[in-house]
């Protein structure tokens, strides 16, 4: 669980008061005895507007005193009580089976939407909260399989709890608690997994409501992203360190394919098409309007590990104007491309470093870029990139 920022309710009381009193009372009702022990007696439903907001906000300044489940509820409500959060929750509530009715007097606020979804389907609210992290730019490492043909993967929705338990064992050994949550998202051509887990335990000083120094203890929240390509038998991983990536490969191989070593291949990309095909190697595919090579790095090596970096708005045009050619032997260890997608006037930069790392700004971009890389020969099947250095692909807004 992330560090609680419940002081937001104190500094911006309109957020808490913006929740319909009856909805707020429904949220608090299961914890009535614990709250009464803390000096907050809840009113009857007919008198819900009489909730002691000042006392409640004072308690929110010291969340360690509150029941854990109520703390978690306020954390997720705090995170989702925004206009954007409400829009996503309303859509999800309408699509739920059965649909979740969102009500409020005279109309529901973002806080109302968050409270009611939490009360009726906590898992749905947590999932919608987690989806926000799919929008962030991320670096992925890709790990393929040597198994051919690639077998069908097992149902990830049914396996989520088993994957969670194994990851809990791992993170507990790393002193990060047993707080893992796995969110699978099955799409037409891939399966995305959001893994929420704790970072190392933290203790921080804070100021209580009486001005005294108090301690705040928590596991910071961390999200990792994994993407399964079931056609190629490939797992793309966004995680911070080698230990986590190694564990993800083992656990997801175990449960999706009954093989801890299934995702053993680490070589995916090659940049040789730039040398072999020239400008034809970067021709756009459907979904792209324009692609330019803007940087290329060569490794000459030697005792001083010499590296040559060439940059231009259009490397191929610059080389043509100056009568230059790519070096015949120096390995290409990095290439940057400026890509304009059909649905945007703003280009984004794709950087490739062999053998196996990629970063995308948007989910849709990753699908198009991977298709382009495969069509133009930058992807070597089954991790058999011969003598190719490792690849990192990075896409960021420019």
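Numbering (my numbering), first residue to last: 3 to 400. A virtual CB, placed ideally from N, CA and C, is assigned to each residue, including glycine.
- For residue 236, the pairing in a beta bridge is given by DSSP as 231.
- Distance between residue 318 and residue 251, taken at the CA atoms: about 38 Å.
- Taking C-beta atoms as the reference points, residue 335 and residue 299 count as a pair closer than 7 Å.
- Assignment of residue 131 by DSSP, reduced to helix, strand and coil, places it in the helix class.
- Beta-bridge partners assigned by DSSP to residue 299: 311 and 336.
- Per DSSP, the unbroken beta strand (DSSP E) holding residue 183 starts and ends at 183-188.
- In the DSSP annotation of this structure, the continuous segment of the alpha helix (DSSP H) that includes residue 87 starts and ends at 85-97.
- Closest by C-alpha distance to residue 275, out of 184, 305 and 356, is 356.
- Here residue 95 is not near residue 117, since their CB atoms are 7 Å or more apart.
- When the alpha-carbon of residue 379 is set against those of 98, 285 and 53, the nearest one is in 285.
- The beta carbon of residue 370 sits closer than 6 Å to those of 289, all from its chain and outside the five residues before and after it, given in chain order.
- The alpha-carbon separation between residue 360 and residue 129 amounts to approximately 24 Å.
- Around the beta carbon of residue 243, fewer than 16 other beta carbons lie within 10 angstroms, which makes this residue exposed.
- Just so you know, the alpha carbons of residue 88 and residue 115 end up roughly 6 Å apart.
- The Cβ atoms of residue 49 and residue 106 lie no closer than 7 Å to each other.
- For residue 250, the uninterrupted alpha helix (DSSP H) segment begins and ends at 244-259.
- In this structure, residue 328 places its C-beta atom within 7 Å of the C-beta atom of residue 277.
- A Cβ-Cβ distance of about 6 Å is found for the pair residue 54 and residue 42, placing them in contact under the 8 Å criterion.
- Judged by DSSP secondary structure, residue 57 falls outside any beta strand (DSSP E) and instead within the alpha helix (DSSP H) spanning 55-62.
- Shown here, residue 292 sits in a strand according to DSSP, grouped into three states.
- For residue 317, the enclosing alpha helix (DSSP H) starts and ends at 317-324.
- Within the same chain, and ignoring the five residues on either side of residue 112 in sequence, the residues whose Cβ sits closer than 7 Å to its Cβ are 83, 84, 85, 87 and 88.
- The beta carbon of residue 47 sits closer than 7 Å to those of 24 and 27, all from its chain and outside the five residues before and after it, given in chain order.
- Each of 51, 79, 280 and 308 was checked against the Cα of residue 320, and the nearest Cα belongs to 280.
- Per DSSP, residue 277 lies in no beta strand (DSSP E); the unbroken alpha helix (DSSP H) holding it starts and ends at 274-279.
- For residue 36, DSSP records no beta bridge to any residue.
- In this structure, residue 351 and residue 291 do not form a Cβ contact; the two beta carbons are roughly 15 Å apart against a cut-off of 8 Å.
- For the 7 Å CB-CB criterion, residue 193 and residue 158 form a contact.
- Sixteen is the threshold: when 16 or more other Cβ atoms of the shown chains lie within 10 Å of the Cβ of residue 235, as they do, the residue is buried.
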